[in-house]
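Reviewing the structure listed below.
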Amino acid sequence: MMQDNQSAREAGQMDRRYYTPREVSDLLRVSPTTVMKLIHEGRLFAVRVSERIYRVPIGAVSRLQHGDARTYAPTEEVVDRDSSIGEPLAEDEHTAVGA
Amino acid sequence: MLDLPDYVASLAQRVATTGADVVVPRIEYTRGALSAQLFVDGELPGSGIPRTSMIHVVERWSRSYLDRPWRLDEYAYELLDHERDLRIAFHLHDAEWFVANHRVVVHEHCERPIGVSRCQHYAGTPIAGGFEALDRLMAAWVSDSVEDCSLRTCL
Chain A
198 MMQDNQSARE AGQMDRRYYT PREVSDLLRV SPTTVMKLIH EGRLFAVRVS
248 ERIYRVPIGA VSRLQHGDAR TYAPTEEVVD RDSSIGEPLA EDEHTAVGA
Chain B
369 MLDLPDYVAS LAQRVATTGA DVVVPRIEYT RGALSAQLFV DGELPGSGIP
419 RTSMIHVVER WSRSYLDRPW RLDEYAYELL DHERDLRIAF HLHDAEWFVA
469 NHRVVVHEHC ERPIGVSRCQ HYAGTPIAGG FEALDRLMAA WVSDSVEDCS
519 LRTCL
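Chains as they are written, first to last, in our numbering: chain A, 198 to 296; chain B, 369 to 523.
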C-alpha cells in the first residue's frame, strides 16, 4: 500500500480531497436536490468543475455539519505605508521600466 | 456602492465555508481613507504536516473621493499547499511595468516544490475579485492531480 501511495504521488495522483454531491447527500442523509440547493445558496462550498460536475471539499461538509455562527467583521486601522502589494521586481526588471 | 467591510466579511465567510479556519480579516486604510488594503487568510484543513496549507487574499482598493465608489487596483491571491508542495498565485500589481515588459496586466506564479520555479511570471487571466479567486484556488485544492507548472506559458 505504501508503495502504491508513493507511486501515486510520483504520478501526481493524490488522496482525494472532495466529495461528490451524491456522496454528500449520503453523508448528510438528505436528497441530492437538497445538496444542490445548499450549494446554490452558498451554504455548502463547492467547486464547479464542469457544467454538471461539482466537487465539495471534505472540510466544507464538516463545516456545514458543525455549523459556523461566527461573523467575520474585519478589523480596520489607518496605517502610514502605502505600497504595491506585489513581490519585489528584480533590479534589472525595474531598470527595464525606464528603458 | 460597495461597502468594503461588508465585502471583506462576506469573502471571509465564504472562505470559512470551504472548511478553512479564517484568521480575523483586516483592512488597512491609507491616504486619508482613499486607499485600502484588505487581508483575508484561511488555514485549510489537513494534518498540518508538514505545515498547514493556506489561502491568502490581499486586495488593494482606491477611490478618488470619500463619496466615490471603491475600485480594485491590485490583488494577490495565493494557495500554499504544503501537502502537495505547491504554490499557486494570481497577481495584479505593477500593471504599467508588466504591460511595458510583457504586454500583460496580470500574471501568475506556480511553484512545485514551493520556492522553486522555472519561470518568474506565468501568463494568467484576469480575476474579477476575491470570490472568483477563491473558486479557482479551491479548484486546484480539490484537483485529483497536482498541477504541472511546466505546462503553463512563461512570460
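Even for Gly, the Cβ is constructed at its ideal location relative to N, Cα and C.
{"query": "Reduced DSSP secondary structure (H/G/I, E/B, other) of B/Q405", "result": "strand"}
{"query": "Beta carbon of A/P254 nearer than 8 Å to that of B/T420", "result": "no"}
{"query": "Contact with chain B by A/T292, beta-carbon distance below 8 Å", "result": "Caution applies to A/T292, whose pLDDT of 37 falls short of 50 and renders its modelled position unreliable; the value that the coordinates give is listed next. Closer than 8 Å: no."}
{"query": "Identity of the residues DSSP links to A/R214 by a beta bridge", "result": "Bridge partners of A/R214: none, in fact."}
{"query": "Proximity to A/T230 [Cα-Cα], best of A/R240, A/R219, A/A270", "result": "A/R219"}
{"query": "Straight-line Cα distance separating A/R226 from B/L460", "result": "43 Å"}
{"query": "Under the three-state DSSP convention, the category B/T386 falls into", "result": "coil"}
{"query": "B/I456 classed as buried or exposed, judged by whether at least 16 other C-beta atoms fall within 10 angstroms", "result": "buried"}
{"query": "Spatial neighbours of B/R382 in its chain, beta-carbon cut-off 7 Å, leaving aside the 5 residues before and after", "result": "F499, L502"}
{"query": "Identified DSSP bridge partners for B/M422", "result": "B/E411, B/L448"}
{"query": "Contact check, B/S485 vs B/E476, beta carbons under 8 Å", "result": "no"}
{"query": "CA-to-CA distance, B/L523 to B/H489, given in whole angstroms", "result": "6 Å"}
{"query": "Beta-carbon gap between B/L406 and B/R431 smaller than 8 Å", "result": "no"}
{"query": "Where A/N202 sits in the DSSP three-state scheme", "result": "Bear in mind that a pLDDT of 47 at A/N202, under 50, signals an unreliable position, so the number given afterwards is only what the model happens to contain. It is helical."}
{"query": "Same chain only: Cβ atoms within 7 Å of A/M233, ignoring 5 sequence neighbours per side", "result": "P218"}
{"query": "Whole-number beta carbon distance between B/G410 and B/M422, since they are thought to touch under 8 Å", "result": "7 Å"}
{"query": "Positions along the region 496-515 of chain B whose CB lies within less than 7 Å of some CB in chain A", "result": "D503, M506, A507, W509, V510, D512, S513, V514"}
{"query": "Straight-line Cα distance separating B/H470 from B/G400", "result": "33 Å"}
{"query": "For B/L460, three-class secondary structure by DSSP", "result": "strand"}
{"query": "Rounded C-alpha distance that separates B/D512 from A/R213", "result": "6 Å"}
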